[in-house]
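Trainee:
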Amino acid sequence: MALSTTFSVPRGFLAVPAHQDSHFASAAEQLHGHKLLQARPPRPRRRSACVSASLSEREAEYYSQRPPTPLLDTINYPVHMKNLSVKELRQLADELRSDVIFHVSKTGGHLGSSLGVVELTVALHYVFNAPQDRILWDVGHQSYPHKILTGRRDKMPTMRQTNGLAGFTKRAESEYDCFGTGHSSTTISAALGMAVGRDLKGGKNNVVAVIGDGAMTAGQAYEAMNNAGYLDSDMIVILNDNKQVSLPTATLDGPVPPVGALSSALSKLQSSRPLRELREVAKGVTKQIGGSVHELAAKVDEYARGMISGPGSSLFEELGLYYIGPVDGHNIDDLITILNDVKSTKTTGPVLIHVVTEKGRGYPYAERAADKYHGVAKFDPATGKQFKSPAKTLSYTNYFAESLIAEAEQDSKIVAIHAAMGGGTGLNYFLRRFPSRCFDVGIAEQHAVTFAAGLACEGLKPFCAIYSSFLQRGYDQVVHDVDLQKLPVRFAMDRAGLVGADGPTHCGAFDVAYMACLPNMVVMAPSDEAELCHMVATAAAIDDRPSCFRYPRGNGIGVPLPPNYKGTPLEVGKGRILLEGDRVALLGYGSAVQYCLAAASLVERHGLRVTVADARFCKPLDHALIRSLAKSHEVLITVEEGSIGGFGSHVAQFMALDGLLDGKLKATVMNLSFVWVVQWRPLVLPDRYIDHGSPADQLAEAGLTPSHIAATVFNILGQNREALAIMAVPNA
Amino acid sequence: MPHLAATPPASSAAAVPTAQATAAGRVAFRRPWNTPRLRVRARGVRREDGGGGVRTEEQEQMASRTFYDLLGILAEGSPDEIRVAYRRLALKYHPDVSPPGAAAENTRRFIEVQEAYETLSDPSRRASYDRALARGVCRLAFSGRRSQSHRAYHHHHHHHQEQEEKSGWRRSWEDQIAELKRRSTTKDSEENLSWGARMRRRAEASSAEEL
Chain B
1 MALSTTFSVP RGFLAVPAHQ DSHFASAAEQ LHGHKLLQAR PPRPRRRSAC
51 VSASLSEREA EYYSQRPPTP LLDTINYPVH MKNLSVKELR QLADELRSDV
101 IFHVSKTGGH LGSSLGVVEL TVALHYVFNA PQDRILWDVG HQSYPHKILT
151 GRRDKMPTMR QTNGLAGFTK RAESEYDCFG TGHSSTTISA ALGMAVGRDL
201 KGGKNNVVAV IGDGAMTAGQ AYEAMNNAGY LDSDMIVILN DNKQVSLPTA
251 TLDGPVPPVG ALSSALSKLQ SSRPLRELRE VAKGVTKQIG GSVHELAAKV
301 DEYARGMISG PGSSLFEELG LYYIGPVDGH NIDDLITILN DVKSTKTTGP
351 VLIHVVTEKG RGYPYAERAA DKYHGVAKFD PATGKQFKSP AKTLSYTNYF
401 AESLIAEAEQ DSKIVAIHAA MGGGTGLNYF LRRFPSRCFD VGIAEQHAVT
451 FAAGLACEGL KPFCAIYSSF LQRGYDQVVH DVDLQKLPVR FAMDRAGLVG
501 ADGPTHCGAF DVAYMACLPN MVVMAPSDEA ELCHMVATAA AIDDRPSCFR
551 YPRGNGIGVP LPPNYKGTPL EVGKGRILLE GDRVALLGYG SAVQYCLAAA
601 SLVERHGLRV TVADARFCKP LDHALIRSLA KSHEVLITVE EGSIGGFGSH
651 VAQFMALDGL LDGKLKATVM NLSFVWVVQW RPLVLPDRYI DHGSPADQLA
701 EAGLTPSHIA ATVFNILGQN REALAIMAVP NA
Chain L
1 MPHLAATPPA SSAAAVPTAQ ATAAGRVAFR RPWNTPRLRV RARGVRREDG
51 GGGVRTEEQE QMASRTFYDL LGILAEGSPD EIRVAYRRLA LKYHPDVSPP
101 GAAAENTRRF IEVQEAYETL SDPSRRASYD RALARGVCRL AFSGRRSQSH
151 RAYHHHHHHH QEQEEKSGWR RSWEDQIAEL KRRSTTKDSE ENLSWGARMR
201 RRAEASSAEE L
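See below:
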């Protein structure tokens, strides 16, 4: 862990600024020569709601060169902020904002959400004393300003890269990250746990959870608030309300209106003008009564408050949280005042501060974009244009959306459900084509699954498109509501396997294991985009039991597609052989088949031709294929991008039960009988979490690259020299 | 005009309307002129609590005119009345028809009238203007800046609206904080049986023992 200075460094006298970039080094040096108290460097232009700022520059609406950040350069840790005045804090917020923009422009990542909470981050770190005071960020990807202020500014260029900063909060990375987040709606629960733990230990620190209005659509937030109200432990929940409930915050045709009744309640809160006059009258009345009517006044106020508070605040009040707000989340004065007031009040119980912010605030392109620049690739700050490398093929997500649309054109019973991920699942396209057949339930996977089950009861054909790792949240519903009752709900699990820069919080490693163990579920995985189209058709055709299919993040490999993306249903429980060879069979599941094919070509250079097969189905397994592979090869290697307990385990189970592993296989070659046992080896994801990084790095870390597979082949055959030769060539 | 601060309650009581359906279908409620009466009392209460300097600004704004005054109509005027009033005043103050000496003054008035008409003719803007009046953040009819482009004006206008909404918020949460502080003094009394309260009492007791 980096050392933290425990005294406040006099500004202007740092020998080496916390962060220095070559192209403004000279400017920074000049500024550091001045004492900050005397020379006020020109402040970055204030970003206000007025558009007037943009009229001065013709095309570029933001700086093209990185503006100097003299004040931010003096802040390594929150303790360095404690002596700043409120005016300097505002300047710090501006500098922090420009710093975030320039860092994300170089690395890509999540932008809009971070921009919305710059002031809030500054205020929190100013008022509270992290890490003794616990600050939890429910939206992990809005923690970029938090990371910059807590000693990781110099590592920001490594954001989301291999061995670099994680894109979400991570406990192992810094003591200032109290809780790892990535799936939403968990921080109130965690904060309550920390508050109760503090109470049991007799501590005095504060606990603050920052949660978004989108995360409030998840049930866990209410479970936590309900419990918090009951336990009455001191804690602060900051509801960051930016009216963005779904991701990526927009449909194809414009911003998406917030989903759900809750959002309208929140906006009523924002616009409610409580009958203040009545309350003033009430106050006046009690004043006039005078005397020791303290309790009476309190009661009157209580009644008045109940009567006049906005319609939504009573929800939080009923749950037992004291509601304060709405508060302008971009006004540092207000934020600091409120936070200080709440902090200094001795016994508060749980308090909810409703803060209103704007996603993408301060960067004109983000403010205007429909998706508020939620997640961006590298971009040019001056023009806001993202550098997206052109790809020859679309993403698997796109192919899924297109083929689902093709199915739905012909079958009017097909409906699609997603949980606040219209862009990520591609269902925005489906929404545009079939506006009344696409359902966004908010961040509520459990509800999505049971909702789909209800639809299936009525004879509709629901496709639940939920990321593999997010479906974990709705697992009981999958088991109990769908599988147990054998309802034909189709699960389209995107982001299966390793996902690259998002890291283990979004990694879909477990879906094969948790789906294939269910008795009634059909589990399949396409090896390329054409197979994906066919599996969508297959799932649409399976109407008597639940089914699921998984596909990875990334683009297709470039195979011919069925016309109009309309696939044909596959025969359930039948795989296919792609390459014929001998001695070794590689049985791949899903995208791993491509790695097997690449490994086969590597191995062929050394004179060995292996068989490559695509299992297609994990449940029901293609028994005939496995038997024939086992009986005609010495070695059978199963490959999947999933954890232990998945495809490989099911193959092993089958082979063991079928006697294929008993050493009784017989073959007769040239009148000689051979008896052998097929050597079965599984290649799966290792039994540990793979950190974020580039997909290639992650695959190498997991040991599933084609080189690794090829080396495994040779190792099993005892040809170690060839194995080493393959591994010696990087990224072969 | 009846809704200025100096009016005795009697006349404003007479002027209190019942719900009226205007031509736009809006139910008129919370007439602006109610506000001053209550605001005065409220202000009295607040000052005892130590109100801030914001009040003086409000008082100053109270003294200036509203859009309705400008057009010479009642606050629940129908869109037709507004249009008629606007046309009348526009003709009166238009620079082209005004005598040369009064051109500058008339131009200024003309622009004011035009701004008033633009606000009041649009039902949603009129609604939010009415709300702002009702809250007592009585909008000064004219902004200090002369916006050149129409678009910039609208943005400024909405910005202005937002600012008032947010200052309304400030009063709201200031009250809530005050309530929180008041409540916290009695929160851990013996009747409160919640887990948190028990733990806090225990912590208090043990720290008192230590002392």
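Just so you know, the protein sequences line up as chains B and L, in that order. For the first sequence, UniProt numbering assigns the number 1 to the initial residue and increments by one for each residue that follows. For the second sequence, UniProt numbering assigns the number 1 to the initial residue and increments by one for each residue that follows. We treat Cβ as the ideally placed atom computed from N, Cα and C, and that holds for glycine. It should be emphasised that the depicted structure is a prediction, and the values quoted were computed from it without experimental measurement.
1) Between alanine 202(B) and chain L, is the shortest Cβ-Cβ distance under 8 Å, so that the two count as touching?
2) How many whole angstroms separate the CB atoms of arginine 490(B) and serine 468(B), which I take to be in contact at a CB cut-off of 8 Å?
3) Taking CB distances under 8 Å as the criterion, tell me whether leucine 136(B) reaches chain L.
4) Could you have a look at isoleucine 716(B) and say whether DSSP puts it in helix, strand or coil?
5) Just reading off the beta strand (DSSP E) that leucine 587(B) is part of, what are its end residues?
6) Where do the ends of the alpha helix (DSSP H) carrying threonine 121(B) lie?
7) Assign methionine 156(B) to buried or exposed, taking buried as 16 or more other Cβ atoms, counted over all protein chains shown, within 10 Å of its Cβ.
8) In whole angstroms, what separates the C-alpha of alanine 218(B) from that of alanine 419(B)?
9) On the DSSP letters alone, give me the boundaries of the alpha helix (DSSP H) that valine 86(B) sits inside.
10) Can you give the Cα-Cα distance for tyrosine 323(B) and valine 351(B), rounded to whole angstroms?
11) Throw me the rounded Cβ distance for the methionine 493(B) and phenylalanine 617(B) pair, which I believe falls under 8 Å.
12) Do lysine 574(B) and aspartate 614(B) have their C-beta atoms within less than 8 Å of each other?
13) Identify every run of the beta strand (DSSP E) within the stretch 628–688 of chain B, keeping only runs that are complete inside it and at least 3 residues long; order them along the chain.
14) At what residues does the alpha helix (DSSP H) containing isoleucine 82(L) begin and finish?
15) Would leucine 124(B) pass as a contact of leucine 339(B) if the rule is Cβ separation under 8 Å?
16) Per DSSP, asparagine 555(B) is paired with what?
17) Cβ closer than 7 Å: which chain L residues qualify as neighbours of lysine 346(B)?
18) Taking just the CA atoms, how far does serine 172(L) sit from glycine 77(L)?
19) In whole angstroms, give me the CA-to-CA distance for phenylalanine 674(B) and arginine 681(B).
20) Does any CB atom of chain B fall closer than 8 Å to the CB of leucine 120(L)?
21) The beta strand (DSSP E) with lysine 486(B) in it runs from where to where?
22) Could you tell me which residues DSSP puts in a beta bridge with leucine 134(B)?
23) Output, in chain order, the set of chain B residues within a Cβ distance shorter than 7 Å of lysine 92(L).
24) What do you reckon, are the CB atoms on histidine 103(B) and methionine 159(B) nearer than 8 Å?
25) Check the C-beta distance from threonine 538(B) over to leucine 570(B) and give it rounded, since I have them as a contact under 8 Å.
26) Are the C-beta atoms of proline 364(B) and some chain L residue less than 8 Å apart?
27) To which residues does DSSP link alanine 465(B) through a beta bridge?
28) Give every residue of the same chain whose Cβ lies closer than 6 Å to the Cβ of arginine 90(B), excluding the five residues on either side of it in the sequence, and list them in chain order.
29) For proline 504(B) and aspartate 687(B), which I take to be in contact (beta-carbon distance under 8 Å), what is that distance rounded to the nearest angstrom?
30) Contact between the stretch 68–76 of chain L and the stretch 111–119 of chain L is defined here as three or more beta-carbon pairs at a separation below 8 Å; is this criterion met?
31) Please state whether DSSP places phenylalanine 434(B) in a helix, a strand or coil.
32) Below 8 Å CB to CB, which residues in the same chain sit around tyrosine 365(B) once its five sequence neighbours on both sides are set aside?
33) Leaving out the 5 sequence neighbours to the left and right, which residues in its chain are closer than 8 Å to leucine 120(B) when beta-carbon positions are compared?
34) Over the uninterrupted beta strand (DSSP E) stretch that includes isoleucine 353(B), give me the two end residues.
35) Alpha carbon to alpha carbon, how far is valine 84(L) from valine 97(L)? Give it in angstroms, no decimals.
36) With C-beta atoms as the reference, is threonine 107(B) less than 8 Å away from tryptophan 137(B)?
Mentor: The relevant details are as follows:
1) As a first step, residue 202(B) must be located in the first sequence, where it is residue number 202. Here residue 202(B) turns out to be glycine, not alanine, going by the sequence shown. Residue-level contact check: glycine 202(B) touches chain L, since one or more beta carbons of chain L fall below 8 Å from its beta carbon.
2) Position 490 of the first sequence, counted from the start, is the residue given in the question as residue 490(B). Position 468 of the first sequence, counted from the start, is the residue given in the question as residue 468(B). Arginine 490(B) to serine 468(B), Cβ: 14 Å. No contact.
3) Position 136 of the first sequence, counted from the first residue, corresponds to residue 136(B). No, no contact with chain L.
4) Here residue 716(B) refers to the residue found at position 716 of the first sequence. In this structure, isoleucine 716(B) counts as helix in the three-state DSSP scheme.
5) The sequence position of residue 587(B) within the first sequence is 587, counting from 1. Run containing leucine 587(B): 583–589, per the beta strand (DSSP E) assignment.
6) Within the first sequence, the letter at position 121 stands for residue 121(B). Membership of threonine 121(B) in the alpha helix (DSSP H) is indicated by the continuous run 118–127.
7) For the purposes of this step, residue 156(B) is taken as residue 156 along the first sequence, with counting starting at 1. Buried, because 16 or more other Cβ atoms sit within 10 Å of the Cβ of methionine 156(B).
8) Here residue 218(B) refers to the residue found at position 218 of the first sequence. Here residue 419(B) refers to the residue found at position 419 of the first sequence. If you draw a straight line from the Cα of alanine 218(B) to the Cα of alanine 419(B), it comes to about 10 Å.
9) Locating residue 86(B) in the first sequence gives position 86, counting from the first residue. Its alpha helix (DSSP H) spans residues 86–107.
10) Numbered from 1 along the first sequence, position 323 holds the residue referred to as residue 323(B). Numbered from 1 along the first sequence, position 351 holds the residue referred to as residue 351(B). The alpha-carbon atoms of tyrosine 323(B) and valine 351(B) are separated by roughly 6 Å.
11) Residue 493(B) sits at position 493 when you count from the first residue of the first sequence. Residue 617(B) sits at position 617 when you count from the first residue of the first sequence. About 15 Å separates the CB atoms of methionine 493(B) and phenylalanine 617(B); that is not less than 8 Å, and the two are not in contact.
12) As a first step, residue 574(B) is located in the first sequence; it is residue number 574 there, counting from the start. As a first step, residue 614(B) is located in the first sequence; it is residue number 614 there, counting from the start. Cβ distance not < 8 Å, so lysine 574(B) and aspartate 614(B) don't count as in contact.
13) Look at the stretch 628–688 of chain B and you find these whole runs of beta strand (DSSP E), each 3 residues long or longer: 633–640, 665–669, 672–676 and 679–683.
14) Your numbering for residue 82(L) matches position 82 in the second sequence. Isoleucine 82(L) -> alpha helix (DSSP H) spans 79–93.
15) In the first sequence, the residue the question calls residue 124(B) occupies position 124. In the first sequence, the residue the question calls residue 339(B) occupies position 339. Yes, they are a contact pair.
16) Stepping through the first sequence from its first residue, residue 555(B) is reached at position 555. In the DSSP assignment, the residues bridged to asparagine 555(B) are Ser395(B).
17) For the purposes of this step, residue 346(B) is taken as the residue at position 346 of the first sequence. Within 7 Å Cβ-Cβ: Ser184.
18) Here residue 77(L) is taken as the residue at index 77 of the second sequence, counted from 1. Here residue 172(L) is taken as the residue at index 172 of the second sequence, counted from 1. In a straight line, the C-alpha of glycine 77(L) is about 31 Å away from that of serine 172(L).
19) Position 674 of the first sequence, counting from 1, holds the residue named residue 674(B). Position 681 of the first sequence, counting from 1, holds the residue named residue 681(B). A straight line joining the alpha-carbon of phenylalanine 674(B) with that of arginine 681(B) spans about 21 Å.
20) For the purposes of this step, residue 120(L) is taken as the residue at position 120 of the second sequence. Not a single C-beta of chain B is nearer than 8 Å to the C-beta of leucine 120(L).
21) Within the first sequence, numbered from 1, the residue matching residue 486(B) stands at position 486. Unbroken run through lysine 486(B): none, as it is neither H nor E.
22) Here residue 134(B) is taken as the residue at index 134 of the first sequence, counted from 1. Inspection of the sequence shows that residue 134(B) is occupied by arginine rather than by leucine. Bridge partners of arginine 134(B): Val207(B).
23) By one-based count along the second sequence, residue 92(L) stands at place 92. The contacting residues do not exist; lysine 92(L) stays about 32 Å from chain B at best.
24) Stepping through the first sequence from its first residue, residue 103(B) is reached at position 103. Stepping through the first sequence from its first residue, residue 159(B) is reached at position 159. With respect to the 8 Å criterion, histidine 103(B) and methionine 159(B) are classified as neighbours on the basis of their beta carbons.
25) Position 538 of the first sequence holds residue 538(B). Position 570 of the first sequence holds residue 570(B). Contact holds; Cβ gap of about 5 Å.
26) Locating residue 364(B) in the first sequence gives position 364, counting from the first residue. By this cut-off, proline 364(B) is not an interface position.
27) By 1-based counting over the first sequence, the position of residue 465(B) is 465. For alanine 465(B), the pairing in a beta bridge is given by DSSP as His418(B) and Ala492(B).
28) Along the first sequence, read from residue 1 onward, the residue named residue 90(B) stands at position 90. So the qualifying residues of the chain are Ile332.
29) Numbered from 1 along the first sequence, position 504 holds the residue referred to as residue 504(B). Numbered from 1 along the first sequence, position 687 holds the residue referred to as residue 687(B). The beta-carbon separation of proline 504(B) and aspartate 687(B), rounded to 13 Å, does not stay under the 8 Å limit for a contact.
30) Segments in contact, yes.
31) Within the first sequence, residue 434(B) is the residue found at index 434, counting from 1. The three-state reading of DSSP puts phenylalanine 434(B) in coil, since its state is none of H, G, I, E or B.
32) Taking the first sequence and counting its residues from 1, one reaches residue 365(B) at position 365. Sequence-distant Cβ neighbours of tyrosine 365(B) in its own chain, meaning closer than 8 Å and more than five residues away, are Glu61, Tyr62, Tyr373, Thr383 and Gly384.
33) Walking along the first sequence from the start, residue 120(B) turns up at place 120. The beta carbon of leucine 120(B) lies closer than 8 Å to those of Val210, Ile238, Asn240, Gly329, Leu335, Val355 and Thr357 in the same chain, with the five residues before and after it left out.
34) If you number the first sequence from 1, residue 353(B) lands on position 353. Under the DSSP assignment, isoleucine 353(B) falls in the beta strand (DSSP E) whose first and last residues are 350–356.
35) One-based indexing of the second sequence puts residue 97(L) at position 97. One-based indexing of the second sequence puts residue 84(L) at position 84. The alpha-carbon atoms of valine 97(L) and valine 84(L) are separated by roughly 18 Å.
36) The residue labelled residue 107(B) in the question sits at position 107 within the first sequence. The residue labelled residue 137(B) in the question sits at position 137 within the first sequence. With contacts defined by Cβ atoms closer than 8 Å, threonine 107(B) and tryptophan 137(B) do not form a contacting pair.
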